[in-house]
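Heads up: the sequence shown runs through residues 73 to 414, numbered per our numbering.
Note that the Cβ used here is the ideal one computed from N, Cα and C, for glycine as well.
Take a look at the structure set out below.
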Amino acid sequence: MNKIERIRAVMNGQVPDRIPTMTHNFLMAAREGGITMEQFRQSPDAIVRVMTEACEKYDTDGILLDVDTALLASACGADVVYPVDIAAVTQDRQPREIPEILEYLDRLDLENYPRVALYLETIEKLSAWGKRNGVFIRGNADQGSFSLACLLVGMNKFLEDLLDEDCEEELMQLMEATYQVSLKMHRLCHKAGADCTSYGNSSEGCSVISPALFRRFAKPFETRLAAQLNSEGIFTICHICGSVDLILDDLVETGCPMYELDYKTDIVRAKAVAKGHFAISGNIDPALFTTGTPEDIRRVTRALCDLYRGEGGLLIGPGCALGPNTPPENVFAFVETVKQFG
Ligand SMILES: [Zn+2]
């Protein structure tokens, strides 16, 4: 199998010749490629260069294209800071009330917002490279309806509002609007040539909100998105930070075909619950890639390979973004271990 077939096999519920690899490595790739995040944000050619160099250096099966977690939030008018050498982030205190945000989203021309347009141009170029070189390209569609709403309101205020019954109607209106933005972004990433899309509903996991809040505010939109994208032939991966132990059965019910899970989730149980329902991406601790030794990486990678070898269902990699200072020898150790034991 080539790299693309290997990843597609996992997505189609088949057994690949070995477990495919993908790392969430844009911060590290930019650092290794000698450019700042400011330069990375501004040039599709620079992004394509550093991402393809990293893919060739470590010989991973796929590339996850990502620029930061504030792409859609900035398009939606949020207050975003753009540090020179850190990924862009939204300010926690956002100045607008929900009615103002809704009014703004009503007039949003997503495709032509400059950062989105630049990102789509990057997907086009990277996908063309992927097709020439037989590498799978995952175009991240940034945030899902729940996490995007969270960023637009501001994390602290949003979490307070979730607990206030008087805010429910307005929050639901906001999430309907962010759902539409998110759906549009998936379609744009797909149209630009990405082999699959992905998105983060990072803050919907059990490390941030209760299962009850997940079921009320996040799950309905995630379920709708899964059905809609499936009907349009767009395969997607949903990334959730932290633990999802208490909502694993819900993840089966959303119909999303793949979840990217962090190391805090009990992978043995997740595998058992997910089997036959959704594939898993992850779930090695990204911090271990930064602070651990190659021996540590070999140990945890081997354990995950032993759990999944010969069964399908896993796209192996770190469960969240790798830090910019990740030692190269740890990524080499990861890929070599998968090639040997996956
Ligand atoms: Zn994460």
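Ala-284 classed as buried or exposed, judged by whether at least 16 other C-beta atoms fall within 10 angstroms: Residue 284 sits at position 212 when you count from the first residue of the sequence shown. So Ala-284 counts as exposed.
beta-carbon Cys-313 near ligand 1 non-hydrogen atom, thresh 7 Å: Locating residue 313 in the sequence shown gives position 241, counting from the first residue. Checking every heavy atom of ligand 1 against the Cβ of Cys-313, one is found closer than 7 Å.
Residues of its chain near Tyr-191, where Cβ-Cβ distance is below 7 Å and the 5 sequence neighbours each way are ignored: Mapped onto the sequence shown, residue 191 falls at position 119. For Tyr-191, where only same-chain residues beyond five positions count, the Cβ hits under 7 Å are Val-139 and Leu-143.
heavy atom of ligand 1 below 7 Å from Ser-217 C-beta: Start at 1 with the first residue of the sequence shown, and residue 217 comes out as number 145. No, since every heavy atom of ligand 1 falls outside the 7 Å radius drawn around the Cβ of Ser-217.
N-terminal and C-terminal residue of the alpha helix (DSSP H) that Thr-194 is part of: Locating residue 194 in the sequence shown gives position 122, where the first residue counts as 1. Unbroken alpha helix (DSSP H) run through Thr-194: 186-205.
Length at least 3, wholly inside the stretch 314-348: the beta strand (DSSP E) runs in chain order: 330-333
Simplified DSSP assignment, three categories, for Asn-302: On the sequence shown, residue 302 is found 230 positions in, with the first residue counted as 1. Helix, per DSSP.
Contact test: Ser-275 Cβ vs ligand 1 heavy atom, cutoff 7 Å: Along the sequence shown, read from residue 1 onward, the residue named residue 275 stands at position 203. Not under cutoff, so the answer is no.
Host alpha helix (DSSP H) of Arg-374 (start-end): Taking the first residue of the sequence shown as position 1, residue 374 is located at position 302. That run of the alpha helix (DSSP H) goes 366-380.
Cβ-heavy atom distance, Asp-334 to ligand 3, below 7 Å: No copy of ligand 3 appears in this structure; the ligands present are ligand 1.
Endpoints, the alpha helix (DSSP H) within which Ile-170 is located: The residue given as residue 170 occupies position 98 in the sequence shown. Start and end: 170-178.
Cβ neighbour criterion (16 or more within 10 Å) applied to Pro-390: Within the sequence shown, the letter at position 318 stands for residue 390. By the neighbour-count rule (16 or more Cβ atoms within 10 Å), Pro-390 is buried.
Option nearest Gly-385 by Cα separation, candidates Gly-277, Ile-309 and Pro-400: Position 313 of the sequence shown, counting from 1, holds the residue named residue 385. For Gly-385, the nearest C-alpha among the options comes from Ile-309.
heavy atom of ligand 1 below 7 Å from Cys-328 C-beta: Mapped onto the sequence shown, residue 328 falls at position 256. No.
Secondary structure of His-96, DSSP reduced to three states: In the sequence shown, residue 96 corresponds to position 24, counting from 1. DSSP places His-96 in coil when its eight states are reduced to three.
Local conformation of Ala-159 per DSSP, three classes: In the sequence shown, the residue the question calls residue 159 occupies position 87. Coil, per DSSP.
Unbroken beta strand (DSSP E) run spanning Phe-286, endpoints: For the purposes of this step, residue 286 is identified with residue 214 of the sequence shown, where counting begins at 1. Per DSSP, Phe-286 belongs to no beta strand (DSSP E) and is neither H nor E.
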